[in-house]
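For the protein sequence lines, the chains are W and L, in the order given.
According to this note's numbering, the first sequence is numbered sequentially starting from 190.
According to this note's numbering, the second sequence is numbered sequentially starting from 458.
C-beta atoms are modelled at their ideal positions from N, C-alpha and C, and glycine is treated no differently.
Working notes for the structure below.
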Amino acid sequence: MSRRQNVHRTGLEGPPPEERLRPVGRRNSQGIRIDPEIEAEHEPRRTTISAYVNNEPGVLARVSGLFHRRQFNIESLTVGPTQNEGYSRITLVVEEPDPGIDQIKKQLSKIVPVVHVRELDSNPVASELVLLKVDGDEPDKVQAITEMYDGQTLDAGPRTITVQITGEEGKIDDAIDAYKQFGIREIARTGQAALARGEEETARVDERHT
Amino acid sequence: MSGEQAQSPPETETDTTPKEIETGADAVVRSLENAGVEHVFGVQGGAIMPVYDALYHSEMAHITMAHEQGAAHAADAYGTVTGDPGVCMATSGPGATNLVTGIADANMDSDPLVALTGQVPTEFVGNDAFQETDTVGVTSPVTKANFFADDPTSVGGDVGTAFALANRGRQGPTLVDLPKDVTNGETTDDPGAPELPDTYAPPEKADSDAVSEAATALARAEKPVILAGGGVIKAEASDELRAFATEHEIPVITTMPGTGSFPEDHELSLEIAGMHGTGYANMAITVTDCMLAVGTRFDDRLTGGVETFAPDAEIIHVDIDAAEISKNIEADHPLVGDAKVVLDQLADSMVGSPATESWVEQCQTWKSEYPMDYAAPDDEPVKPQYIVERFDELTDDDTIVTTGVGQHQMWAWQYWTWTKPRTWVTSHGLGTMGYGLPAAIGAKLAAPEQDVVCFDGDGSFLMTCQELSVAVRENLDITVVVLNNSAIGMVRQWQDAFFGERHMASEYPWIPDFDTLAEAFGARGFRIDTYDEVEEVIEAALGYDGPSVIDVHIDPGENVYPMVPSGGDNGLFALTEGQL
Ligand SMILES: Cc1ncc(C[n+]2csc(CCOP(=O)(O)OP(=O)(O)O)c2C)c(N)n1
């Protein structure tokens, strides 16, 4: 029956907020129950995620849109075809706390043309390419550095020299540092491509997707 | 699907001799027929004309809406009521962009919906042609999947795939963009039944070890609760839920989308939780030590601040979407699978029941301490809660309620006694004003045997009231109840509480008389100003066979309580402004 006869809110008779039964625990901002002894938060870590995808228009837009929309912190994203026609591999380097990394993997897996997603272990086979255009005043010295980093000179003129270095990220960072002395005009980096080490497969894919 | 009983009159004379497939558009229409679609909601236009022409030869009913947003909401509600995707259709450019709000709404609520949009011919795509929009780009963040059709021979299959994806796994909206040359292009292939793409394999059963661990956790709990979300309804798992809760004597709380999944007249029901949920539900979720959360995404309107959400509880989270696990609230026992299947697995794995006698008693105490209640003195204007209660009492249990967004939505939610799934049709996640009337149209077409009542706000009703023309044309027996407070009340409530009572842009002193407006559309108009009129008017409106609108002039000062301020602590819900 309707309660129109009530003129007062009987609801007011329950204990007010400050007198109510309270829980003992708390969660942190990541929704994780905090052990009162050790109040830990997940720190961000850097990791490589590999996605094997159907090569159809819009996949990359969906992936990058996902990262933008969900505010994931992305360091690099590379994409290119695989040995299987119609399929591409996307390699993502991200820096996030563990719950964020889990979400990235799950959210990527939700995208319909994504076949398989995995996080590579801490030491994958990974490589990146960088092009550097430096001032050409000291060609010999530039050449020496390029050789030191197993690079190639792609273009040399009276005023600029452009070189290419490939390798894992630390090596590229070091090389860039070394070229700074000549005056770097421009840099183009591709971001990392990566595969799992040894016999281990980067993507678990059944025959339909090969 | 219950839509099978639908018998809306075709709005134009149609030639219903089945037509051979000659074009992409014929294949699109055949694909919908193959999927069992009976109603399509839409608005005509240049780029979609070939599909409409193909529809001319089909027995499917097309409901022409006044605005594409109405088409999307009607289709969304149709899908919510039947459980199968509703279909909406629009032309390119503005037609497609007008659908976007409705698509985004369906996306937030995981409602099954298929949107078909016309597109300029492929040779013009990318050239800023007349009425061109990158519809796939615009809708990509708010669809489960979307497709740009590029070939007349595969366009029927694209529509089938979109249909299957909208319907399976975690449901959601999908879209197919249909360039005019593709729908006009030649094909003779029947696309066949909808098929999922081979990269998509929604889980069914949860990992059995995880299930037994969860069962153990639940059995040893002292203060367990079940939190039932919209996923319970989508998975048709209400019976399993009730059997499980009853067998193990565990109190059940529903989220807003889960409303109706567990009958509120059941003694174990603590009804609804969250920002405007019941005090007792919010007490229980705050102090529980074990929560079985089924098919919920832990929206912030439910959780308040995550720090204070069920902080003592081990969380067992059942969801068909692995990405929901530990997204907002960390799950101790993730059970990824279909809610119906997983509840069965869990029931089989339970070894004994938790000892809940004193906990259930505690919950009953809270019920008597914090009943849903309001003051309604005779000498004050009519209270909205009273109107909702009277409608609840005067209509059948299976009455479908739709709403706009605002205070009226919360009163409808709080003061209706929900006993059946698929009867509460509202905009949960996106909170879209204007949802109520087009949703009522979709709901009535989906379930013509059930009463449909739309509780609307004056602000929300103004946003889509043009759809009354459709309700009149289709002669749909729906009752719109405008809880009229001459304000966008929910905003004003927040201004009262958090913005020093500065009513910036929240008062509507210029609203029309909604009863007269209804009559102008050809509907019946009624008005209520005093308690004495309530009974008679409700009966007249319900008795009228066709659309009616009741303009109820409610107490403009009435606010919604209980209330948890956003990001606040559910256990500290306020019963008055003074407690905020
Ligand atoms: C499309 C849209 N615009 C704005 C809002 C923000 N908003 C939320 S509730 C509300 C007030 C709704 O007013 P009304 O429909 O009259 O309902 P009442 O709160 O008065 O019951 C507004 C403006 C919204 N939810 N949706």
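Partners in chain W for residue i, counting only beta-carbon separations shorter than 8 Å
i, result
"L/P838", "Under the 8 Å cutoff, chain W gives no residues; its nearest Cβ is about 13 Å from L/P838."
"L/S597", "G247, A250, R251 and G254"
"L/Q576", "Those do not exist, as L/Q576 stays about 14 Å from chain W at its closest Cβ, beyond 8 Å."
"L/Q1036", "P205 and P206"
Where residue i sits in the DSSP three-state scheme
i, result
"L/A463", "With a pLDDT of 46 at L/A463, under the threshold of 50, the modelled position of that residue is not reliable, and the figure given next carries that caveat. Correct three-state label for L/A463: coil."
"L/P630", "strand"
"W/M190", "Unreliable placement is indicated for W/M190, whose pLDDT of 43 sits below 50; the coordinate value is still reported in the next sentence. In this structure, W/M190 counts as coil in the three-state DSSP scheme."
"L/F912", "strand"
"L/W816", "helix"
"W/V301", "coil"
"L/V1009", "strand"
"L/I786", "coil"
"W/Q341", "strand"
"W/G356", "strand"
"W/T391", "coil"
"W/G316", "Looking at the sequence shown, residue 316 of chain W is not Gly but Ser. DSSP places W/S316 in strand when its eight states are reduced to three."
"W/A382", "strand"
"L/A1031", "strand"
"L/M807", "coil"
"L/M890", "coil"
"W/V196", "Reliability of the predicted coordinates at W/V196 is poor, the pLDDT of 49 falling under 50, and no value is obtained from them."
"W/P328", "helix"
"L/D1026", "coil"
"L/K476", "coil"
"L/F1109", "Nothing can be reported for residue 1109 of chain L, as the shown portion of chain L is limited to 458 through 1037."
"L/W823", "helix"
"L/N641", "helix"
"L/T760", "helix"
Contact list for residue i against chain L, beta-carbon separation under 8 Å
i, result
"W/R393", "Here the premise fails: no neighbours, minimum Cβ distance about 13 Å."
"W/G203", "G736, W823, E826, Y827 and L1032"
"W/Q332", "Those within 8 Å of W/Q332 in chain L number zero; the least Cβ separation is about 45 Å."
"W/R209", "M740, G1028 and L1029"
"W/Q296", "A780"
"W/P286", "Chain L residues near W/P286: none, gap ~12 Å exceeds 8 Å."
Residues sharing a beta bridge with residue i, DSSP
i, result
"W/K322", "W/T351 and W/E375"
"L/A415", "The structure shown has nothing for residue 415 of chain L, since chain L only spans 458 to 1037."
"L/W881", "L/V858"
"L/C747", "L/P681 and L/E771"
"W/V268", "W/I279"
"L/G899", "Looking at the DSSP assignment, L/G899 forms no beta bridge with any residue, so it has no partner."
"L/P791", "L/H774"
"W/V306", "W/A240"
"W/E285", "W/R234"
"L/M1020", "L/A1031"
Listed by chain order, chain L residues near residue i by CB distance under 7 Å
i, result
"W/S239", "Chain L residues near W/S239: none, gap ~16 Å exceeds 7 Å."
"W/V213", "D769"
"W/V304", "T656"
"W/N243", "T656"
"W/G340", "Residues of chain L passing the Cβ test: none, with the nearest at roughly 39 Å."
"W/I221", "E787"
Under 7 Å from the C-beta of residue i: neighbouring residues of chain W
i, result
"L/K784", "Q292"
"L/L622", "V301"
"L/F1039", "For residue 1039 of chain L there is no data in the structure shown, the boundaries of chain L being 458 and 1037."
"L/A602", "V301"
Contact test: residue i Cβ vs ligand 2 heavy atom, cutoff 8 Å
i, result
"L/E990", "Looking at this structure, you won't find ligand 2 anywhere; what it does contain is ligand 1."
Where residue i meets chain W, residues with beta-carbon distance less than 9 Å
i, result
"L/T743", "R209, L210, R211 and P212"
9 Å Cβ cut-off: residues of chain L touching residue i
i, result
"W/P347", "Under the 9 Å cutoff, chain L gives no residues; its nearest Cβ is about 42 Å from W/P347."
"W/R258", "P598"
| said: So within the stretch 934-997 of chain L, which uninterrupted beta strand (DSSP E) runs reach at least 3 residues, ignoring any that extend past its ends? | reply: The stretch 934-997 of chain L contains these whole beta strand (DSSP E) runs: 935-941 and 981-985.
| said: Across the stretch 686-695 of chain L and the stretch 738-748 of chain L, are there enough close Cβ pairs to call them in contact, namely three or more that are closer than 8 Å? | reply: Taking 8 Å as the limit for Cβ pairs, the verdict is that the stretch 738-748 of chain L does not touch the stretch 686-695 of chain L.
| message | For the stretch 987-1007 of chain L against the stretch 831-840 of chain L, do three or more pairs of beta-carbon atoms, one drawn from each stretch, fall closer than 8 Å, so that the two count as touching? | response | yes
| Continuous alpha helix (DSSP H) assignments of at least 4 residues falling wholly in the stretch 826-861 of chain L | 841-851
| What residue ranges within the stretch 210-266 of chain W form continuous alpha helix (DSSP H) runs of no fewer than 4 residues, ordered along the chain? | 248-258
| Every unbroken beta strand (DSSP E) inside the stretch 695-736 of chain L [3 residues or more] | 709-711 and 726-729
| message | If we require 3 or more residues per run, which beta strand (DSSP E) segments fall completely within the stretch 551-636 of chain L? | response | Scanning the stretch 551-636 of chain L for uninterrupted beta strand (DSSP E) segments of 3 residues or longer gives 570-576, 602-605 and 630-636, listed from N- to C-terminal end.
| task | Would you mind listing the alpha helix (DSSP H) stretches within the stretch 478-563 of chain L that are 4+ residues and don't spill past its ends, in chain order? | result | 481-491, 506-512 and 525-539
| query | Residue ranges of each alpha helix (DSSP H) run of no fewer than 4 residues wholly in the stretch 643-681 of chain L, ordered along the chain? | reply | 665-676
| Counting Cβ pairs closer than 8 Å, one from the stretch 805-815 of chain L and one from the stretch 767-779 of chain L, do we hit at least three? | no
| task | Spell out a yes or no on whether the stretch 604-612 of chain L and the stretch 388-397 of chain W are touching, meaning 3 or more CB-CB pairs, one atom from each, closer than 8 Å. | result | no
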